[in-house]
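Undergrad:
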Amino acid sequence: NPRGAAVNASLTLSDEDGRTTLWSQNWSVADAAAADLKADVSASASKAAFCLTDAKGGSTPLAQPALGLYLTGCIGLGETKLSDTDFVTIFERVTKLAPRFGPGWDYLALSRSWIAQSLQGSSPAAYAAALQSTRNAIAVARKLNPNSAMTYDAEFHLISNDTFRALKVLEQGARIDPDDGRIQMHLSEEF
């Protein structure tokens, strides 16, 4: 904005021919000096590239519309714009559209585990249903994607109040994928 300190940015991920938008995000900052917009855009671009590689590089590559949904959920993970329920809805849709896509099931298991964890101490029936739903997603994800540690992170969220069991689950995940940041973060917290 030439008249003030405001800055807008846009990032678009399109297919090879440039005709189809796979994912996009816009930023508006009222004061460019108060925010590191370049860092935010760069982080999102890196995440988008990683998620696209995940979606297109495996044995079951995604096609639209599952691809766009997966990218939205995968890139949005860790941001506060989407709720846990939003993530569950996105990844349930991805797994319905692409039932053999393992990473979709990984993310579904993880997002369902957050819901189950939030229901601990509330309605026993709602918690039991959320727990079973998460365990079902974990089972499918491990069958389709046995080299992913994400399901161990999901399982951790179900037992995080039991440090000994949680450590055992996290250590299993670390053996499968020692570079998984979520597993390493939770391991250090539990230790």
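Remember, our numbering sits 5 above the position in the sequence shown when you count from 1. Quick reminder that beta carbons are idealized off the backbone N, C-alpha and C, glycines included.
Roughly how many whole angstroms lie between the Cα atoms of glutamate 160 and aspartate 36?
TA: Looking up residue 160 in the sequence shown gives position 155. Looking up residue 36 in the sequence shown gives position 31. Going from the Cα of glutamate 160 to the Cα of aspartate 36 covers about 42 angstroms.
Undergrad: Given a cut-off of 8 angstroms on the beta-carbon distance, is the pair threonine 100 and leucine 113 in contact?
TA: Start at 1 with the first residue of the sequence shown, and residue 100 comes out as number 95. Start at 1 with the first residue of the sequence shown, and residue 113 comes out as number 108. Result yes, Cβ atoms of threonine 100 and leucine 113 sit closer than 8 angstroms.
Undergrad: What is the rounded straight-line gap between the Cα of aspartate 111 and the Cα of valine 12?
TA: Translated into the one-based positions of the sequence shown, residue 111 becomes position 106. Translated into the one-based positions of the sequence shown, residue 12 becomes position 7. Across the structure, aspartate 111 and valine 12 are spaced so that their CA atoms are roughly 36 angstroms apart.
Undergrad: In this structure, does DSSP put asparagine 152 in helix, strand or coil?
TA: Position 147 of the sequence shown, counted from the first residue, corresponds to residue 152. Here asparagine 152 sits in coil by DSSP.
Undergrad: Need the endpoints of the alpha helix (DSSP H) that leucine 82 sits in, please.
TA: As a working note, residue 82 is residue 77 in the sequence shown. No alpha helix (DSSP H) holds leucine 82; DSSP gives it neither H nor E.
Undergrad: Closer than 8 angstroms is the cut-off here; do at least three beta carbon pairs connect the stretch 120-129 with the stretch 71-88?
TA: no
Undergrad: Alpha carbon to alpha carbon, how far is phenylalanine 169 from serine 15?
TA: Within the sequence shown, residue 169 is the residue found at index 164, counting from 1. Within the sequence shown, residue 15 is the residue found at index 10, counting from 1. Going from the Cα of phenylalanine 169 to the Cα of serine 15 covers about 45 angstroms.
Undergrad: Any idea what DSSP makes of serine 116, helix, strand or coil?
TA: What you label residue 116 is simply residue 111 of the sequence shown in a count that begins at 1. If DSSP states are grouped into helix, strand and coil, serine 116 belongs with the helices.
Undergrad: So, under 8 angstroms CB-CB, leucine 18 and tryptophan 28 are touching, yes? Tell me the CB distance rounded to an integer number of Å.
TA: Your numbering for residue 18 matches position 13 in the sequence shown. Your numbering for residue 28 matches position 23 in the sequence shown. Indeed they touch by this definition, with Cβ atoms about 5 angstroms apart.
Undergrad: Looking only at its chain, what residues have a beta carbon closer than 7 angstroms to the beta carbon of phenylalanine 96, apart from the 5 residues adjacent to it on each side?
TA: Counting from 1 along the sequence shown, the entry for residue 96 is found at position 91. Excluding sequence neighbours, phenylalanine 96 sits near Gly78, Gly109, Tyr112, Leu113 and Ser116.
Undergrad: Label threonine 90 either buried or exposed according to how many other C-beta atoms from any shown protein chain fall within 10 Å of its C-beta, with 16 as the threshold for buried.
TA: As a working note, residue 90 is residue 85 in the sequence shown. Flag for threonine 90 reads exposed.
Undergrad: How far does the beta strand (DSSP E) with alanine 14 in it reach, from first residue to last?
TA: Here residue 14 corresponds to residue number 9 of the sequence shown, with the count starting at 1. Element bounds for alanine 14: 12-19.
Undergrad: By DSSP's criteria, glutamine 30 is part of a beta bridge. Which residues make up the other side?
TA: Your numbering for residue 30 matches position 25 in the sequence shown. In DSSP, glutamine 30 forms a bridge with Leu16.
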